[in-house]
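Each remark here refers to the structure printed beneath this line.
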């Protein structure tokens, strides 16, 4: 699974990668171990996204600078959404929470410098 996040109050963009062996990285940083519960959650979210991604679903709302936009990519396809849009499938807020948790786990020291345009949140399982 790959998750891309843009927008929000911080306005930053960040790329996260999670490997099958339970490690992750922030942007181009070194791979570091992630908590096992985070790896389990990433696998569950990926499984739940498969159907939506295969259909290429989109739950986009009106653009607002304080709302984050997401794109999740799986082997089946991709799905895009904007946070706070009514009627989101329950897995999408879970995917957004996962991205935030991974960011907290992996980017704590780098967040002040992660405003690089064009970066994205990416979680590869």
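Numbering (the working numbering), first residue to last: 94 to 218.
Glycine is no exception: its CB is placed at the ideal position from the N, C-alpha and C atoms.
The structure displayed is predicted, hence computed values, not measured ones.
query: Which value, in whole angstroms, describes the spacing of the CA atoms of residue 102 and residue 162?
result: Position 9 of the chain shown, counted from the start, is the residue given in the question as residue 102. Position 69 of the chain shown, counted from the start, is the residue given in the question as residue 162. One C-alpha to the other measures close to 12 Å.
query: How would you call residue 123, buried or exposed, if buried means at least 16 neighbouring beta carbons within 10 angstroms?
result: Within the chain shown, the letter at position 30 stands for residue 123. The residue in question, residue 123, is exposed, as its Cβ has fewer than 16 Cβ neighbours within 10 Å.
- request: Tell me whether residue 171 sits in a helix, a strand or coil according to DSSP, three-state version.
  value: Counting from one through the chain shown, the residue named residue 171 turns up at place 78. Three-state DSSP puts residue 171 in a strand.
message: Could you check whether residue 109 and residue 117 sit closer than 8 Å to each other, using their CB atoms as the reference points?
response: Along the chain shown, read from residue 1 onward, the residue named residue 117 stands at position 24. Along the chain shown, read from residue 1 onward, the residue named residue 109 stands at position 16. Yes, the pair counts as a contact, with Cβ atoms nearer than the cut-off.
query: Any idea if residue 139 is buried or exposed, counting beta-carbon neighbours within 10 angstroms, 16 or more meaning buried?
result: Position 46 of the chain shown, counted from the start, is the residue given in the question as residue 139. Result: buried.
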